[in-house]
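Just below is one structure, and these are the notes that go with it.
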Amino acid sequence: MARVVIIGGGPGGYEAALVAHDLGAEVTVVDRDGLGGSAVLTDCVPSKTLIATSDVMIDMTAAPELGINFEDPSGDAATTIKVDLGTVNARVKALAAAQSRDIEERLSRRGIRIMKGVGRLGKGAGAGGGQVVATAPDGTDQALDADAVLIATGAHPRTLPTAQPDGERILTWEQVYDLTEVPSHMIVVGSGVTGAEFASAYLSLGIEVTLVSSRDRVLPGEDADAATVLEDVLTRRGMHVLGKSRMESVTREGDTVTVTLTDGRQVTGSHCILALGSIPNTQGLGLEEAGVQLDDGGFIRIDRVSRTTAPGVYAAGDCTGGFMLASVAAMAGRIAMRHFLGDAVRPLNLREVSSNVFTSPEIATVGVTQAQIDKGEEIAEIVRLDLAGNPRAKMQGVRDGFVKIFARPGSGTIVGGVVVGPRASELIHPIALAVSANITVDQMAASYTVYPSMSGSLAEAARRLHHVD
Ligand SMILES: Cc1cc2nc3c(=O)[nH]c(=O)nc-3n(C[C@H](O)[C@H](O)[C@H](O)COP(=O)(O)OP(=O)(O)OC[C@H]3O[C@@H](n4cnc5c(N)ncnc54)[C@H](O)[C@@H]3O)c2cc1C
Ligand SMILES: NC(=O)c1ccc[n+]([C@@H]2O[C@H](COP(=O)([O-])OP(=O)(O)OC[C@H]3O[C@@H](n4cnc5c(N)ncnc54)[C@H](O)[C@@H]3O)[C@@H](O)[C@H]2O)c1
1 MARVVIIGGG PGGYEAALVA HDLGAEVTVV DRDGLGGSAV LTDCVPSKTL
51 IATSDVMIDM TAAPELGINF EDPSGDAATT IKVDLGTVNA RVKALAAAQS
101 RDIEERLSRR GIRIMKGVGR LGKGAGAGGG QVVATAPDGT DQALDADAVL
151 IATGAHPRTL PTAQPDGERI LTWEQVYDLT EVPSHMIVVG SGVTGAEFAS
201 AYLSLGIEVT LVSSRDRVLP GEDADAATVL EDVLTRRGMH VLGKSRMESV
251 TREGDTVTVT LTDGRQVTGS HCILALGSIP NTQGLGLEEA GVQLDDGGFI
301 RIDRVSRTTA PGVYAAGDCT GGFMLASVAA MAGRIAMRHF LGDAVRPLNL
351 REVSSNVFTS PEIATVGVTQ AQIDKGEEIA EIVRLDLAGN PRAKMQGVRD
401 GFVKIFARPG SGTIVGGVVV GPRASELIHP IALAVSANIT VDQMAASYTV
451 YPSMSGSLAE AARRLHHVD
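For what it's worth, the UniProt record's numbering labels the leading residue of the sequence shown as 1, then goes sequentially.
Structure (structure tokens):
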């Protein structure tokens, strides 16, 4: 029986463990912090649970327009509804812990061995087999023989020597769930996906928010039109967005946090979240000794079937960089195990990955991007339809957002798209399906959508690119 040892129990690791077990391997997962990894315990699941609360707040704030008034005679929901952050965060933590337990039970039930501890490559690793050394919390080492090893150790928040979290008012995204009091003014530094999501969530919870963005617009990596819509909405709702503003340092005195920018300006608030990106957890794993190459950022180099440069050592997820998403980590882990165990394997295709920024409005994307089309790297026709013209959107009081479809000229094959709006994460799926199944705009235009529905805008956009009458 092939022996597989997996270091790291996040989506990259635990999904791989399930596949390897189903394919007949003897599987051990060595994990330091808890099954589910950062995705479940500190990153993805907690942030989306917090955002579930902030989404309800947004709906409540919009209620008067739809004819619902609260007891306050002013009818201004924002002034009468208050969030209890202690309760919200207790719910967040309980839900994350429960999900981690569920995953642990799922693996244990199948007979997958779980070892709590820190793993590293040991004797013979990188030569087509070898050992993993697991150090238990009591400090004892155990050597595990493996025919293949999967490294899925994830990443951790980046901080600066001049911006050190104190866990109370200067926070990484992992520490925000310890807050029990509502911050009076949250400064979010970094306007990537993490920064934008927290800034949007706290604003929706009724908190004053300043977003320090080093670029000229928020979400520099996302569709430019989508980022512009989001920035407009956030600014309209009262967020202070400081563009082209690079943080130099963050200091705290008593209850006041001061963010100093590189041009000397200062912003003061009650709390600050550092959302400066991630550092891969690739130190102390014995990677270099085993011949596993890292890139300049310290991420593990892998090919499309998750092989590292060392025979018998695979890697998946955030420790490999690229698309740092739970879904991609899970797929790369599964692919690694299928490859090692000789099952049919489809190499990772990042073209098919759909992702979502859980701001309000949400921004969902898949496939080819407009930036690639504008640069001439991809040839595609573009259609954009604003949701403001959609009947369902009008009924629901939705004014901001759009759908965009990219299709090959001639064949009309859909190669990508963007949705900005409420629940864009759900609305992107027909486009994602179209991209992975090579569906054309003609086929999408011919499908029935419910009337009235937001998805009607997808079919309408496809009709605009319809080639055959
Ligand atoms: C704030 C935030 C929100 C996010 N939201 C989303 C989202 O909505 N959707 C989405 O798809 N993605 C989201 N992501 C990204 C997602 O969380 C990551 O892509 C995902 O966690 C990667 O999974 P992983 O298995 O590679 O690593 P992780 O989830 O980080 O798991 C790695 C595990 O390895 C363990 N480990 C590390 N070193 C060792 C060692 N030496 N020995 C043993 N164990 C070790 C760690 O303790 C951890 O348990 C978000 C990220 C952040 C920061
Ligand atoms: N919804 C989701 O799926 C989700 C949510 C969060 C994160 N993620 C994933 O995690 C990965 C990392 O995203 P992220 O946003 O954490 O990191 P990021 O690296 O994408 O963004 C960090 C931002 O901080 C800025 N920054 C760095 N130093 C700064 C300074 N001194 N002053 C001001 N700004 C500074 C950078 O310019 C950058 O824009 C992404 O790949 C993303 O896909 C996904």
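Don't be surprised by glycine CBs; every beta carbon is placed ideally from N, CA and C. All of these numbers come straight from a predicted model, not from anything done at the bench.
By the neighbour-count definition (other C-beta atoms within 10 Å, threshold 16), Gly86 is an exposed residue. Taking the C-beta atoms as reference points, Ile112 is found no nearer than 8 angstroms to Ala315. For the stretch 326–373, the continuous beta strand (DSSP E) assignments of 3+ residues that do not extend past its boundaries occur at 354–357 and 362–367, in sequence order. Thr135: member of the beta strand (DSSP E) spanning Gly130 to Thr135, first to last residue. The closest heavy atom of ligand 2 lies 7 angstroms or more from the beta carbon of Arg217. For the set Gly36, Asp145 and Thr135, the Cα lying nearest the Cα of Glu105 is the one of Gly36. Counted as a single uninterrupted DSSP element, the alpha helix (DSSP H) harbouring Arg109 occupies residues Leu85 to Arg109. As a beta-bridge residue in DSSP terms, Gln142 pairs with Ala134. When secondary structure is reduced to three states using DSSP, His466 falls in the coil class, being assigned neither helix nor strand. Looking at Thr235, Glu15, Ala432 and Phe323, the one whose alpha-carbon comes closest to that of Phe299 is Phe323. Boundaries cannot be given for Gly321, as no beta strand (DSSP E) includes it and DSSP labels it neither H nor E.
Rounded to whole angstroms, the gap between the alpha carbons of Ala146 and Ser453 is 52 angstroms. Within the DSSP secondary-structure output, Val30 pairs in a beta bridge with Ile7 and Met115. Three or more pairs of CB atoms, one per stretch, sit closer than 8 angstroms, so the stretch 412–422 contacts the stretch 362–370. Ser191 has its Cβ nearer than 7 angstroms to a heavy atom of ligand 2.
Between ligand 1 and Ser354, a heavy atom-to-CB distance of less than 7 angstroms is absent.
For Cys272, DSSP records a beta bridge to Ile170 and Ile187. Around the Cβ of Asp296, a 10 Å sphere holds fewer than 16 other Cβ atoms; the residue is exposed. Taking the Cβ atoms as the reference, Ser38 lies roughly 5 angstroms from Gly154, within the contact range of under 8 angstroms.
Non-local C-beta neighbours of Arg110 in its own chain, meaning closer than 6 angstroms and more than five positions away in sequence, comprise His21, ordered along the chain.
Ranked by Cα distance from Glu208, the first of Pro220, Glu197, Gly221 and Ile187 is Ile187.
Going by beta carbons, Ala445 and Ala434 fall outside the 8 angstroms limit. The stretch 248–257 makes contact with the stretch 269–284, as at least three CB pairs between them are under 8 angstroms. Between Val292 and Val313, the CB-CB gap stays under 8 angstroms.
If you check the C-beta of Phe358 against ligand 2, you find a heavy atom less than 7 angstroms away.
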